[in-house]
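Student: Note that our numbering has the sequence shown beginning at 9, numbered continuously upward. Quick one: the structure is below, questions incoming.
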Amino acid sequence: MSAFTVFPSAHIIGIVLILIYLFRQFFLPKLLPGIPHNKHVTSRLFGDLSEMLAYAKEHGEYFTWLAQQNRRLESPVVQVFIRPFQKPWVLLADYRESRDIMTRRTKEFDRSRFNGEILGGLLPDAHPHMRSQSAEFKRNKSLIDNLMTSKFLNEVESHHIYACISTMVKLWRTKMKIGQSRPFPANSDIFNGTLDAAFASTFGLDEKDSSTSKQLNLLLSQTDSIRLPASVNDPARFPQASRPQDFEAILTLTDLNDITIKFPIPRLAFWVISKTRRFCRALRLKEDLIERGINAAEERLQTGQKTNRSAIDDILYHEQKVAEKEHRSPDYYSRHIRDEIFAFIIAGHDTTAATMSWGVKYLSDNTQAQNRLRGELHKAYSQAVSEDREPSVAEITGTPIAYLDACLEEIIRVSVVGGGVVRQALVDTQLLGFNIPKGTEVFCVPNGPGIFTPPIKVDEEQRSRTARYGKSPKIREWSVDDMDEFQPERWLRKDESSGEWIYDSRAGPTLSFGLGPRACFGRAMAYLELRIMVVLFLWNFVLESCGQELSSYDTTQRLSRQPRQCYIKLSPA
């Protein structure tokens, strides 16, 4: 072989190696100066991603891994690299500073593009991922603001929710009787019940058309063929009815969109998913469902009908009034109205169902809290007790019960169904003395130091001026002795004048719904639905412990953080 043939080959190999090296150096994670990070990230092309995915594979979700990084590095502000070839996420594990950027520093921080990556494919023209100062956000928000007012919640939505959860109680009473008080999986029932409530609140829904009603009818028709396990501690298995086509389409879309949360590049994941036959069919059914709903609501609006009032009626009424003011014809079928209707359905069911799935587990495993709550309900609804009936929807929504509020707040706190609150820096700014460049996404950790583990010490001089001198009511800190435990009493304090225990919403830090003007829009509806569910469940049933084999607190991450196991064992209350 001649030198002529050897040396060109060596040169080519050398050039290729140099190009590979330069390529690797170019795409290696680029650190934000001065912010703590895991040491290995600067030498790994994919940064922290492989470690996070390994954790998610073992534990079913990755948001807890994020929360652990601040403790690992003992800093309230750290950076992690979990999206290939993109800027790092900054993790903020300090409640006061998180609260500050969400409530006071809204000109410096706004909704993150990450929200758009997760929701933008499924809800391109819905408000949750829009920037706060955009005309589109203000237009959309004005369409739906009335849906979260006390008047609308109490006069309209509460009645729809109450009817759907009452049907769910009938189903559980039937399962308790057929199963002879054996445990059974409850997560599907809870998701069906909350989806029924979301459909009813959005469109109006006859009981016979609900998923829960179809499940109940199937169960009653096959009672004689159900075979029970020999042991009363083993779970009973009941036949599962297929959901109505429209309901299944909504769940299919949200289930498929869940994949984007687990994928490092959400937009790419959604693009692939959107090409599948299953997605396209579900999308078509969803569009048909919303169009039928708008047709019916438009007819009611034009004829002056006031029966079957629902969210879609209110949205169209508002569009009509805005159109009159702007001297144009109303556009009831616009993309943004369709997407806000779809967003309302999703918001009304997914996270609420996940929270209640955790709630029945915590109440089952905390008998003392459950018994105290049931006693407080009997005391508050004494007329219902004397008349041997369930509390009415008016009684549930109109009677303040401090311990009920405390239990709801604690269920929401420990469930952590949302992985966190993400904000994006609109300008070059600072957090606790660290420089945060414009465009940086800041992940406010909802289950880390200061909320579930002891806080990380912060130099007060490094806090923002608004965090130090802001006039908002002071939020106390949790006791480090039990901050990771289910303790509803933490939300109570004794009133100095009356000596009564009262609910204190500022008892300690929580980020479950976010804070400030971009906090979770559906928060009030979630509280209402959880309130009705907890009251009706504990009024009718004792939630008994299911045993260690059926009571794992392992999680799985979808659109919301959910328990892998959600069994309940019922006996009459």
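Glycine included, every Cβ here is placed at the ideal spot set by N, Cα and C. Given the structure is predicted, the values throughout are model-derived calculations rather than measurements.
Tell me which same chain residues have a C-beta within less than 7 Å of the C-beta of Y340, skipping the five on either side of it?
Tutor: So the list reads I302, E306, L324 and E327, once near-sequence residues are dropped.
Student: Can you give me the Cβ contacts of R289 inside the same chain, cut-off strictly under 6 Å, excluding the 5 residues immediately before and after it?
Tutor: Counting only Cβ-Cβ distances below 6 Å, and skipping sequence neighbours, we find nothing.
Student: Pop quiz: T220 and L259 are said to be a contact at Cβ under 8 Å. What is the actual Cβ separation, rounded to whole angstroms?
Tutor: That pair is no contact at about 14 Å.
Student: To which residues of the same chain is A249 closer than 7 Å at the C-beta, ignoring the five residues directly before and after it?
Tutor: So the list reads K222, Q223 and L226, once near-sequence residues are dropped.
Student: Check each candidate in L439, N374, D373 and I90 and name the one with the smallest Cα separation from A101.
Tutor: Among L439, N374, D373 and I90, the Cα nearest to that of A101 belongs to L439.
Student: Count the other CB atoms within 10 Å of the CB of W547; is the residue buried (16 or more) or exposed (fewer)?
Tutor: Counting Cβ neighbours within 10 Å, W547 comes out buried, since at least 16 surround it.
Student: Is I169 closer than 8 Å to S348 when the C-beta atoms are compared?
Tutor: Rather than Ser, the amino acid found at residue 348 in this sequence is Glu. No, Cβ-Cβ distance for E348 and I169 is not below 8 Å.
Student: Between the Cα of I464 and those of Y477, K446 and E485, spot the shortest distance and give me the residue it belongs to.
Tutor: Checking every option, the nearest Cα to that of I464 belongs to E485.
Student: Under the assumption that H344 contacts D133 (Cβ atoms under 8 Å), give the Cβ distance between them as a whole number of angstroms.
Tutor: Confirmed, about 4 Å.
Student: Please state if the CB of F122 and the CB of F192 are separated by a distance shorter than 8 Å.
Tutor: No, Cβ-Cβ distance for F192 and F122 is not below 8 Å.
Student: Out of P37, R107, D254 and Q313, state which residue places its alpha-carbon closest to the alpha-carbon of R471.
Tutor: R471 has its Cα closest to that of R107, out of P37, R107, D254 and Q313.
Student: Should N78 and G555 be called a contact, given that it needs their Cβ atoms to be closer than 8 Å?
Tutor: No, Cβ-Cβ distance for N78 and G555 is not below 8 Å.
Student: Quick one: using the 10 Å Cβ neighbour count with 16 as the cut-off for buried, is S568 buried or exposed?
Tutor: Under this definition S568 is a buried residue.
Student: Reducing DSSP to helix, strand and coil, say where L222 ends up.
Tutor: Strictly speaking, residue 222 in this sequence is Lys, with Leu absent from that position. K222: helix per DSSP, three-state reduction.
Student: Would you kindly report the start and end of the unbroken alpha helix (DSSP H) that includes W279?
Tutor: Its alpha helix (DSSP H) spans residues P274 to I281.
Student: Any idea what DSSP makes of D118, helix, strand or coil?
Tutor: In this structure, D118 counts as strand in the three-state DSSP scheme.
Student: Please classify C452: does DSSP put it in a helix, a strand, or coil?
Tutor: Of the three classes helix, strand and coil, the one that applies to C452 here is strand, per DSSP.
Student: Just the Cα atoms here: how many angstroms apart are M9 and H45?
Tutor: With a pLDDT of only 48 at M9, under 50, the local geometry of the prediction cannot be trusted, and no value is derived from it.
Student: Do the CB positions of L127 and H137 come within less than 8 Å of each other?
Tutor: The answer is yes: Cβ separation under 8 Å.
Student: Counting Cβ pairs closer than 8 Å, one from the segment 78-96 and one from the segment 398-405, do we hit at least three?
Tutor: Short answer: they don't touch.
Student: Run through the segment 541-571 for me and flag every whole beta strand (DSSP E) of 3 or more residues, listed as ranges in chain order.
Tutor: Counting only runs of 3 or more, we get 549-552, 563-565 and 569-571.
Student: Just to confirm, is the Cβ distance from G441 to M110 under 8 Å?
Tutor: No, Cβ-Cβ distance for G441 and M110 is not below 8 Å.
Student: If you check the beta carbons only, do E449 and V430 fall under 8 Å apart?
Tutor: Cβ distance < 8 Å, so E449 and V430 count as in contact.
Student: Just how far apart, CA to CA, sit I510 and A410?
Tutor: One C-alpha to the other measures close to 5 Å.
Student: Return the chain-ordered list of same chain residues with a C-beta closer than 7 Å to the C-beta of R382, the five sequence neighbours on each side being excluded.
Tutor: Answer for R382: L546 and A581, listed in chain order.
Student: Starting from Q87, follow its DSSP beta bridges and name the residues at the other end.
Tutor: Note: Q87 sits in a beta bridge opposite H45 and V98.
Student: Just list the residues that DSSP pairs T437 with in beta bridges.
Tutor: DSSP, once it has assigned bridges, lists I444 as partnering T437.
Student: Can you tell me which of G367, R539, L558 and D489 puts its alpha carbon nearest to the alpha carbon of H167?
Tutor: Among G367, R539, L558 and D489, the Cα nearest to that of H167 belongs to R539.
Student: Can you list, in chain order, the residues of its chain whose CB lies under 6 Å from that of N374, leaving out five sequence neighbours each side?
Tutor: Contacts found: F494.
Student: Give me the Cα-Cα distance between F12 and W97, rounded to the nearest whole angstrom.
Tutor: Caution applies to F12, whose pLDDT of 45 falls short of 50 and renders its modelled position unreliable; the value that the coordinates give is listed next. Roughly 51 Å between the two C-alpha positions.
Student: If you follow the beta strand (DSSP E) that K577 is in, where does it begin and where does it stop?
Tutor: Taken as a continuous stretch (DSSP letters only), the beta strand (DSSP E) holding K577 covers Y575 to P580.
Student: Could you tell me the distance, in whole angstroms, from the CA atom of L551 to the CA atom of W366?
Tutor: For L551 and W366, the distance between alpha carbons rounds to 13 Å.
Student: Going by beta-carbon coordinates alone, are L293 and A319 separated by less than 8 Å?
Tutor: No, these two residues do not count as a Cβ contact at 8 Å.
Student: Hey, out of Q253, S282 and S487, whose CA is closest to I267's CA?
Tutor: If we check each option's Cα against that of I267, S282 comes out closest.
Student: Ends of the beta strand (DSSP E) at Y511?
Tutor: First-last of the beta strand (DSSP E) with Y511: W509 to Y511.
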